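First the structure, in the form of structure tokens, and then the observations on it.
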Amino acid sequence: DDITIMSWGGSYSAAETEAYYKPFTAETGIGIVSVDADNPATPVKAQVDAGNVTTDVALFLLSDAVRLCDEGQLMPIDASMLPDGIDGTPAMDDFLEGTLSECMVPNDIYATAVAFDASKFAEGAAPSSIADFFDTEKFPGKRGVLKSPKVVLEMALMADGVPAAEVYDVLDTDEGVDRAFAKLDTIKNDAIYWEAGAQPPQLLADGEVVMTMSYNGRIFNAAVNEGKPFEVLWDGQVFEWEGYVIPEGAPNTEAAMEYIKFATSSAPSARFSERISYGTPRKSAAPLVGNVNGTDIPMAPNLPTYPANMTNALASSADFWVDRETELGERFNAWLLSN
Amino acid sequence: MSDVASQLTTADGRPLKAALATAQARAKRRAFFLVLPLLAFIVITFAVPIGQMLQRSVYNDGFSQTVPALTQWFEANPKGTVPDEAAYAALASDLNLMKETRMAGDAGTRINYVVSGMRSLFTKSARKAADLEPPYMAALLDIDEDWQDPRVWNAMRTASSPWTLDFYTIAFDRERDADGKLVKVDENQRIYFKLYIKTFVVAAVITAICLLLAFPVAHLLATLPMAKANLLMILVLLPFWTSLLVRTTSWIVLLQGQGVINSILVALGIIGDDGRIQMIYNQTGTIIAMVHILLPFMVLPLYSVMRVIPPSYTRAARSLGATSWTTFRRIYLPQTIPGIGAGVLLVFILAVGYYITPALVGGADGQLFSNMVQFHMTKANWSMAAALATMLLVGVLVLYWLYDRLIGIDKLKLG
Amino acid sequence: MVASSDNAFVSFEHVQKSYDGETLVVKDLNLQLAKGEFLTMLGPSGSGKTTCLMMLAGFETATHGEIRLDGQPINQVPPHKRGIGMVFQNYALFPHMTVGENLAFPLEVRGMGKSERETKVKRALDMVQMGAFANRRPAQLSGGQQQRIALARALVFDPKLVLMDEPLGALDKQLREHMQFEIKHLHESLGITVVYVTHDQGEALTMSDRVAVFNDGRIQQLAPPAELYERPDNSFVAGFIGENNKLPGVIEELNGDRAVVCLENGERIHATAVNVRAKGEKTLVSIRPERVEFKPELIPEGSHTIDAEVLEVIYMGDILRTRMKVAGHDEFVLKCRNTIDQVPLSPGQRIRIGWNPLDARALDMI
Amino acid sequence: MVASSDNAFVSFEHVQKSYDGETLVVKDLNLQLAKGEFLTMLGPSGSGKTTCLMMLAGFETATHGEIRLDGQPINQVPPHKRGIGMVFQNYALFPHMTVGENLAFPLEVRGMGKSERETKVKRALDMVQMGAFANRRPAQLSGGQQQRIALARALVFDPKLVLMDEPLGALDKQLREHMQFEIKHLHESLGITVVYVTHDQGEALTMSDRVAVFNDGRIQQLAPPAELYERPDNSFVAGFIGENNKLPGVIEELNGDRAVVCLENGERIHATAVNVRAKGEKTLVSIRPERVEFKPELIPEGSHTIDAEVLEVIYMGDILRTRMKVAGHDEFVLKCRNTIDQVPLSPGQRIRIGWNPLDARALDMI
Amino acid sequence: MALPTYASPLERAWHATYLVICVLVFVFLISPILVIVPLSFNAEPYFTYTEKMLSFDAEGYSMRWYDSLLTSGMQASEAVRDGAWWSDLWHNADWVKAAKNSVIIGFWATILSTILGTLAALGLSRPEMPWRRTIMAILISPMIVPIIIVATGMFFFYSNPCAIFGFGCGRLTSTYTGVVLAHAALGIPFVIITVTATLSGFDQSLIRAAASLGANPRRTFFKVVMPLILPGVISGGLFAFVTSFDEVVAVLFIAGPDQQTIPREMWSGIREQISPAILAVATILVVISIALLTVVEILRRRSERLRGVAAH
Ligand SMILES: Nc1ncnc2c1ncn2[C@@H]1O[C@H](COP(=O)(O)OP(=O)(O)OP(=O)(O)O)[C@@H](O)[C@H]1O
Ligand SMILES: Nc1ncnc2c1ncn2[C@@H]1O[C@H](COP(=O)(O)OP(=O)(O)OP(=O)(O)O)[C@@H](O)[C@H]1O
Ligand SMILES: NCCCCNCCCN
Ligand SMILES: [Mg+2]
Ligand SMILES: [Mg+2]
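Protein chains in written order, with the working numbering: chain A, 655 to 993; chain B, 88 to 502; chain C, 10 to 375; chain D, 10 to 375; chain E, 179 to 490.
Laid out in structure tokens, this is it:
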């Protein structure tokens with residue numbers, strides 16, 4: 655039987671197709687119907703609520719996976735059933751700390767980071783820290799800001815000097831929230847907001863902004879595939895992982911499980927990372943990641959998981975956002991509207 | 088007059104009005120049967136689904152379905168009762184149920200809408216529910232102090248019934264304080280009401296601009312010979328065929344700082360390179376792009392009405408001494424009212440409901456009320472989205488009613 | 010020819026109509042029409058003629074009463090199955106069709122073949138002398154041309170009943186006479202039934218089997234033309250049909266159908282009593298202008314003669330209309346044939362006029 | 010009264026008009042109108058009357074020639090400054106305004122105050138007997154009522170020139186006569202100039218100072234009513250105005266304005282030569298029905314008498330129209346006044362009729 | 179449109195202004211379309227006029243987006259472009275499939291909404307129509323409710339349409355019928371509003387005339403009413419079609435993988451990548467619609483000529 659996989663579409667799904675779908679079908683004979691969604695969590699939740707589930711596997715952000723899992727809408731996945739790493743490490747140990755959760759098997763780790771067009775800055779005068787993003791004196795000009803409290807508030811605090819490890823403690827207090835918004839105030843007049851991942855490279859290419867928050871994969875794409883002089887600033891970025899879930903009531907749970915086992919095993923995971931610059935959550939897969947598919951540029955240094963990129967990085971807290979998203983979302987929207 | 092009328096009767100003594108009504112009943116039925124298929128269609132394919140959806144704005148069983156014990160306790164104890172050990176015992180039993188049915192998330196989410204940050208209270212406690220031992224109050228407070236927060240208990244009491252007005256409370260920028268009284272939320276959390284008003288204002292501005300731009304064009308098209316008019320009509324229709332997404336993107340290309348228009352102006356020396364005009368990522372951008380998208384919705388109804396206005400009326404007016412302007416204002420314009428009405432209705436309502444374009448070109452303050460609906464939909468907060476949608480719906484219906492009152496839907500029908 | 014309500018082709022029984030529930034536009038209409046009859050409705054503007062036609066055609070519903078067509082209550086038959094041809098007062102030509110297409114329309118809906126259709130359309134167009142206009146749009150026609158097309162369209166499918174609402178109103182005399190002839194001819198040769206509305210009394214009198222005079226939502230008189238003209242039932246009819254000299258007075262003597270009336274200036278005249286009941290009643294004595302003579306040699310024996318002062322002579326082609334002052338009334342009219350040997354009267358002239366007392370009719374005072 | 014082209018109030022000079030660039034609807038129109046004149050356009054349907062009015066009012070442009078109003082080429086003056094009141098053939102009442110608003114409109118655009126406006130509107134409505142209808146919408150009026158409103162609206166603002174396109178066509182005789190009187194009265198008391206289109210010859214003849222007979226895009230004759238009727242320039246005019254008996258024949262003798270015509274049955278008659286030029290020419294002898302007598306005692310001395318066979322007697326109220334066969338033609342008509350002592354003729358009867366040879370007019374053969 | 183000779187200077191000035199305004203509005207309407215056409219040939223994946231494009235350097239232009247349109251989804255896109263390749267394209271290419279779906283769904287949704295909507299507008303425009311305002315409000319409500327609510331609500335309902343009667347009867351989601359019904363509902367307000375407005379100027383006596391000539395209501399409708407209100411019906415139908423043709427949210431929820439439409443295809447991965455491919459699609463659609471409109475206009479003129487009606 656065919657299985658239906660719902661994912662992000664675009665280059666993300668293109669990478670999945672090459673790294674997972676085609677080899678999986680070749681190996682098992684199970685066909686794959688690929689469906690895209692703006693954010694798969696929304697239609698999946700609707701499908702489960704309506705008792706009309708057509709999706710077998712979906713790719714979720716961690717926070718969505720936690721939320722829907724708590725609500726009983728995703729099948730719990732016993733991580734111990736996952737295949738061992740290619741080096742023999744049991745699955746439970748092979749996945750990076752904390753990335754496994756009750757209902758989701760992680761697929762990749764992506765980061766939202768600051769990026770800029772290197773050609774627009776003199777040698778050595780390029781932004782070098784997250785604080786620079788908020789420094790309009792030193793770096794006048796527009797900047798692209800993600801239109802979401804998540805990530806943005808964390809970055810604001812880090813730019814304001816809060817160490818990554820303390821960000822959520824601070825943000826959990828009213829003063830911390832005020833502090834984050836106060837920091838945001840400093841760039842409010844210079845901000846161009848974006849929502850779609852494709853917008854930041856466009857903004858950079860058009861010269862509309864001097865720097866922008868962006869998903870690291872998009873910047874990498876522009877740089878490697880189109881030769882754009884775009885660079886990612888590996889400081890104060892926020893990373894999160896996303897992965898596969900099985901909706902409660904999915905029509906083909908067995909084949910779905912087969913697929914997840916296959917896709918999240920070491921070799922395919924590495925193949926995936928060669929095709930899009932998101933890090934693999936499998937420790938055993940990291941060394942397998944070679945050059946960017948079809949080039950001789952090594953992929954590893956461009957991944958959010960590359961140790962040198964992780965010096966001042968923050969792991970997005972699903973627990974925090976599950977609790978506070980509604981409230982902070984409303985406050986963020988109110989802040990956007992206020993002058 | 089009507090006194091006399093009510094006394095008027097037909098030959099056999101029936102009131103004339105009644106006789107008239109009977110005589111017209113057939114005609115009424117016939118008219119109604121023409122509408123019936125569509126009405127049935129809309130009711131089945133649209134009204135029922137939407138009704139069910141909007142019902143969620145007052146119905147949310149995320150909490151109520153997993154708290155049988157607490158519900159009993161709430162029924163037995165009036166509002167304001169300080170939760171006692173029995174209450175906590177009920178809570179513990181319900182937490183156990185949540186754990187079994189994996190509903191803690193649902194329950195927590197429901198309470199979290201009202202008291203922020205309380206979702207994890209439920210998931211966390213449910214996870215540990217199996218280990219709870221009496222006295223439950225102490226045990227639960229041991230897990231989290233928040234269990235004695237009266238706001239949580241108030242929220243649980245309200246949410247123990249699936250029927251609720253909580254979401255409208257939020258939509259009106261209100262919340263319940265510890266005593267359960269309705270108060271305004273913090274200044275920096277107030278958003279919906281302001282946005283609501285703003286949305287209608289922006290829609291009105293867009294409608295007005297569309298009307299101003301569409302009127303001359305529709306008039307030109309209506310007065311030109313058919314052959315020429317049809318050629319020009321292509322110019323109106325082309326944008327129409329083009330995806331909304333593409334057109335919106337195209338406006339970004341045109342309007343942005345380094346965009347086509349600014350670059351042309353710079354090249355012509357009209358503005359300096361550092362004097363580029365900010366035409367997008369603000370209200371201006373939203374309005375320009377939306378006017379462009381909605382303009383055909385104004386032009387076409389105007390055109391189809393203008394095309395059939397006989398020239399003899401304008402002639403008559405001129406012969407009676409009216410200047411061309413007066414003729415236009417007093418004779419032509421009133422006869423285009425059905426078209427204006429249709430266009431205004433279309434454009435305004437569409438403008439109120441748009442969210443993609445404002446999101447893409449609107450910048451910080453470019454979002455409209457529908458963006459909020461969208462926001463909650465993507466967060467799967469059906470109830471909140473439904474409440475906001477209902478507000479939008481009611482707002483438009485009130486305007487529709489006003490329009491009917493002031494101008495009259497019947498103005499859509501002359502005579 | 011006159012139909013009873015049982016075997017009537019068309020019958021209106023106690024029909025009332027109100028548009029607004031406040032005023033009755035048709036008050037109590039009773040009318041029977043035999044098959045093949047030519048009935049004309051005549052009446053002042055706004056008296057409900059068009060409304061009656063519309064009810065008969067099925068486009069307005071009577072608020073009360075019953076209308077039957079061929080014995081069937083009309084409500085049972087949808088308008089398009091009634092086989093009624095209709096000429097609308099505003100023509101109602103289809104603006105998007107050419108003249109030819111307008112005419113072909115009723116034939117087409119009857120499934121008539123193309124060649125037969127074309128023949129019929131051509132014949133109908135020729136009848137109204139519009140053969141050359143088949144390809145025009147209605148907007149490109151003059152008013153009279155439009156009316157002719159409307160007429161042709163109502164007749165082209167040989168309906169058994171034709172309703173015509175002032176079908177010749179926009180035509181000149183020549184053409185009107187030609188069309189009157191054509192209509193009469195069709196009526197007779199095809200045996201169709203016609204309900205005709207006109208403002209032209211000549212038309213009404215010459216064409217109709219019977220004329221219904223409408224006023225104020227009621228039929229005032231329903232009679233063959235001559236009877237209507239010669240023996241009007243009331244002074245509305247007398248006044249409405251043809252020209253009429255009216256002298257107010259009081260009945261002094263009443264003797265069967267003979268009356269003596271005292272005019273306002275005290276003069277006594279003899280008259281035929283028509284609508285008066287008692288001595289002392291106020292009356293209007295009506296005398297048709299053509300029954301009044303002024304040449305002494307033409308005033309018949311036994312005529313009543315009276316003094317008159319000529320006020321105005323109006324040239325009307327075949328007739329010279331002479332207005333004069335008689336018994337204190339200055340609207341008294343006399344018609345002289347415009348013959349070459351006519352004695353010309355001139356304003357200010359005083360003459361003596363006379364009429365046969367049988368021609369003076371004492372009517373009710375309205 | 011007749012204007013020369015210099016001092017004329019309205020003048021058409023060599024005006025041509027074509028709608029489609031193919032056929033000329035108006036061919037060569039020359040017409041001068043003096044201030045205060047009442048001119049009527051009479052002509053068959055489609056002869057270009059409305060088109061002329063439209064050009065004068067400025068709604069159609071002449072393809073050729075010049076129209077002047079008050080000495081100025083009309084092209085220079087916008088319609089609303091021409092001060093022309095117009096009654097449109099299709100009324101053109103504003104559907105979105107009530108009757109009262111329709112009437113107030115021309116006053117309002119002239120900036121007249123409210124109370125004055127109301128007075129004037131009321132007076133105009135009363136004039137057309139529509140006082141009670143001020144609050145109706147046009148769609149709620151009968152055809153005749155709409156026409157009356159259109160008339161009132163064209164007159165309410167006291168224009169100096171009024172164009173009326175069949176303004177009384179939808180009215181019954183009584184009302185029409187009343188309105189004719191009102192229009193004439195306004196014309197005389199206010200000194201307004203009127204261009205009037207009508208199909209009613211009686212109306213044309215009684216109301217006008219001059220009548221322009223249109224045919225085929227040209228003015229066939231432009232003359233005062235009596236002249237038109239008595240001395241038509243050509244057989245189109247003779248045939249178009251009034252009723253006419255036409256006997257075809259050949260000129261046998263021509264002597265100044267006296268001619269002897271040989272009719273088709275060989276009979277010879279005397280006639281006045283009007284439009285004939287030579288012996289042997291074909292001609293139509295026209296004799297007005299009212300100039301023909303059949304009572305032997307009334308046939309004047311020196312009359313030409315001829316045999317006739319009565320074919321049909323048509324009742325027309327004041328007149329009995331008798332159709333008979335004369336000299337082989339069966340459309341010969343004679344009109345008898347419907348008097349009580351009239352000798353009734355009946356179909357089949359053979360009589361001898363006569364007319365004064367001066368009344369027989371030998372015209373061109375069309 | 180020519181101004182009469184008596185027009186005052188003010189009128190002339192206004193007339194000129196009016197024409198200028200019209201021209202400007204047309205420019206406004208069309209410029210976004212003009213802008214996207216060259217960009218669809220951009221060699222780069224951005225909506226930016228690059229230096230190379232501006233200097234008309236051939237390198238700045240490419241067909242890559244058109245190529246990607248054709249080949250994406252094909253089984254063997256690299257094969258020689260022979261008959262098999264084209265057949266592969268026709269059956270498997272994502273955009274071709276999407277185009278087919280868009281046309282099919284748009285067509286049926288338009289038919290459904292135009293027929294039902296016109297019928298209802300006829301009833302609504304009769305003076306004797308009872309409860310007109312309320313019914314009108316119900317009928318235009320699909321336009322008022324935010325589309326995202328509509329889509330979700332419909333998804334829930336269409337998942338098991340018989341649930342309100344308490345039993346199951348299959349689902350409408352992931353079916354053509356479901357998408358067509360949803361799109362028809364969304365298109366109906368446009369038809370209602372435009373047709374009602376057009377009917378308001380309609381001379382009712384023409385309907386009577388047709389009936390008196392023996393035409394039954396159906397015939398009257400098609401032969402008399404329809405041709406006269408056609409501009410309104412067409413613009414209503416056009417609105418309905420475009421609504422369907424440009425609709426993505428309802429498709430997102432209701433359509434299955436087999437019912438992907440053009441906008442849905444554009445939407446795919448829009449978060450991930452917006453590429454000039456969507457501009458290429460837009461350009462192709464523009465070309466097709468110009469061709470269609472031109473053909474329609476030529477046919478119209480031909481039929482006028484054949485019927486011997488002077489052009490007006
Ligand atoms: N808009 C038009 N396009 C083409 N031809 C037209 C147009 N209007 C009128 N005509 C033609 O011009 C001729 C003159 O029309 P006009 O309306 O002036 O006649 P009319 O004398 O007023 O006739 P009626 O007495 O019937 O109203 C007619 O043959 C008519 O068919
Ligand atoms: N739709 C309507 N609504 C209200 N009143 C109407 C309507 N139609 C006609 N009337 C009124 O009904 C009365 C009769 O109208 P109808 O049209 O039958 O008159 P008519 O005899 O045909 O007059 P005319 O000779 O002027 O055409 C008039 O007073 C008119 O104002
Ligand atoms: N707020 C939702 C952000 C979703 C970002 N997804 C990025 C996916 C990268 N593969
Ligand atoms: Mg009438
Ligand atoms: Mg005319």
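Yeah, the Cβ is synthetic: ideal placement off N, Cα and C, and Gly gets one too.
Please read these numbers as outputs of a predicted model, since none were measured by experiment.
Supposed contact pair C:Arg297 and D:Asp327 - C-beta distance, whole angstroms, cut 8 Å: 6 Å
Coil, strand or helix - C:Leu372 by DSSP: strand
Any non-hydrogen atom of ligand 1 closer than 6 Å to D:Val220 Cβ: no
D:Gly311 to C:Thr331 span [Cα, whole Å]: 28 Å
According to DSSP, residues forming a beta bridge with A:Trp895: A:Ile763
Straight-line gap, A:Ser734 to A:Asp724 (C-alpha atoms, nearest Å): 20 Å
Cβ-based contacts, 9 Å cut-off: residues of the region 182-211 of chain E near chain D: Pro182, Thr183, Tyr184, Ala185, Ser186 and Glu189
Distance cut-off 6 Å: D:Ser151 Cβ against heavy atoms of ligand 4: yes
Cβ distance (whole Å) where B:Cys297 is taken to contact B:Met385 below 8 Å: 4 Å
Range of the contiguous beta strand (DSSP E) that encloses D:Gln155: It is not in any beta strand (DSSP E) - D:Gln155 instead sits in the alpha helix (DSSP H) that spans Gly152 to Leu164.
Partners in chain B for A:Glu696, counting only beta-carbon separations shorter than 9 Å: According to the sequence as given, residue 696 of chain A is Thr; it is not Glu. Those are Met464, Thr465, Lys466 and Ala467, listed as they occur along chain B.
From D:Ile362, D:Thr72 and D:Gly67, residue whose alpha carbon lies closest to that of D:Lys36: D:Thr72
Euclidean distance between Cα positions of B:Thr335 and D:Leu102: 46 Å
Close-in-space but distant-in-sequence residues of the same chain around B:Ala92 (CB under 6 Å, 5 per side omitted): At B:Ala92, the pLDDT of 43 sits below 50, so the modelled position is not reliable and the matter cannot be decided from this model.
Reduced DSSP secondary structure (H/G/I, E/B, other) of D:Val322: strand
The region 24-35 of chain C: positions lying closer than 9 Å to chain B by Cβ: Gln25, Lys26, Ser27, Tyr28, Asp29, Gly30, Glu31, Thr32 and Leu33
Under 7 Å between C-beta atoms of B:Ala429 and B:Arg143: no
Proximity below 7 Å, CB of A:Phe781 to CB of A:Met865: Position check: residue 781 of chain A holds Pro in this sequence, whereas Phe was assumed. Their beta carbons are under 7 Å apart, which means A:Pro781 touches A:Met865 by this criterion.
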